[in-house]
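Per the numbering used here, the sequence shown runs over residues 39 to 363. Working notes, beginning with the structure itself.
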Amino acid sequence: VSDGELGKVGFTNYLSDRLEGLGGETEMWTFHDLVDVPEVAQRQYESEGGSHICMPACIGKLRYIGQEHVARDLKNLRHAMELHGVKNAFMPAVTPGSVTFQIVNRHYSNYEEYVMALAEVMREEYEAIAAAGFMLQLDATDIPICAPQHGIFWASDVVEKMGYQSFIALNLEALNYATANIPGEQLRLHLCWANYEGPHHHDVELIEVLKPALKISNAKTIAFEAANPRHEHEWKVFEKLDLPDDRVIMPGVIDTTTNFIEHPELVAQRIERFAGLVGRERVIAGTDCGFGTFAGFGEVVPKAAWLKLAALVEGAKIASRRLWT
């Protein structure tokens, strides 16, 4: 359960109201799969929702000024939980690396200085969420999509110079710095290849992002896409991957880019695949991503989203009965 980020215009550009030092506009990134199939890009990004993907730039020294905003989000979520008798919830927040991917640096002297400055200022938001007792979900879309094969963004030359694995290691270390005061059990790292309905035929493989995430990140839970047709087959990486004993995985068992309603039996089968490889106690069933990462952007209509979540619940019940019988 979460607040659905309904108080935010988007999962990254909400920071326009929470960080001093942002202003102007950022040049948009380019995804190679959408270059190959431009009709898809045109359909999505020229929509009303696409107009909300407007990113500022970093034009001055960063300072966190979002105290009232995060306090409002926490209060609203707590109130909703009380109304519905819910005891546990999570709240998402964007990672420093995801911010650097989407918001160009026009102030700091180099990339490392920029990402560490973001880690310093985002620490306050992360600690506020954790102090409220919620699971903190860290949305790290940068880890998969800054791969050179995926696309081009303002710091692609930095990725090329450092090497992809070294670059994402830096981003993960910056995140560790920002969350150093939060127990790993209260952290969930979310990895995704950008939440849009597209070809995705240039996506980096799961294993390329999973290994560094498990090795470096302080988060004890790792969430990742596992239901969409580009990544569903990758459950097999856990046949050979040695998952650390203190880690939990949260594979997506619902595709968040299509209005198809998954059959609960399919959801159960997806859960059971992972449970059979890493153990039933170390699998949490989730969705691939959110249903609306920016206001109005995305293919899934609200009614279908609720039906898909209902299928997730029913499928999890089926899998639980079978796994614990």
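Beta carbons: idealized from backbone N, C-alpha and C, even for Gly.
query	result
Residues near GLU223 by beta carbon distance below 7 Å, same chain, minus five either side	LYS258
Opposing strand residues paired with HIS228 [DSSP bridges]	ASP177, ALA261
Cβ neighbour criterion (16 or more within 10 Å) applied to GLY135	buried
Uninterrupted alpha helix (DSSP H) stretches inside the stretch 73-103 (no shorter than 4 residues)	76-83
Range covered by the beta strand (DSSP E) that runs through VAL321	Unbroken run through VAL321: none, as it is neither H nor E.
Cβ-based burial, ARG311 [other Cβ within 10 Å; buried from 16]	buried
Those residues which DSSP pairs with GLU58 across a bridge	ARG101
Residue(s) in a DSSP beta bridge with ILE287	ILE260, VAL321
Segment contact, 8 Å Cβ cut-off, at least three pairs: the stretch 129-147 with the stretch 175-190	yes
Exposure of GLU120, with buried meaning 16 or more beta-carbon neighbours within 10 Å	exposed
Which of helix, strand or coil DSSP assigns to THR217	coil
Length-filtered (4 minimum) alpha helix (DSSP H) runs lying within the stretch 268-313	none
7 Å Cβ shell around GLY62 - same chain, five flanking residues per side excluded	PRO94, ALA95, ILE97
Outcome for GLU43 when other beta-carbon atoms lying within 10 angstroms are tallied against a minimum of 16	buried
N-terminal and C-terminal residue of the alpha helix (DSSP H) that LYS250 is part of	Per the sequence presented here, residue 250 reads as Pro, with Lys not at that position. Where PRO250 is concerned, the enclosing alpha helix (DSSP H) stretches over 244-254.
Reference ASN51, options THR64, ASP41, TYR164, closest by Cα	THR64
Contact check, VAL108 vs ALA168, beta carbons under 7 Å	no
8 Å Cβ shell around ARG116 - same chain, five flanking residues per side excluded	ALA170
At least three beta-carbon pairs within less than 8 Å, the stretch 99-106 to the stretch 145-165	yes
Chain-order list of residues whose beta-carbon lies under 6 Å from that of ALA306 (same chain, five-residue window excluded)	GLY353, ILE356, ALA357
The stretch 289-305 in contact with the stretch 140-150 per 3-pair CB rule at 8 Å	no
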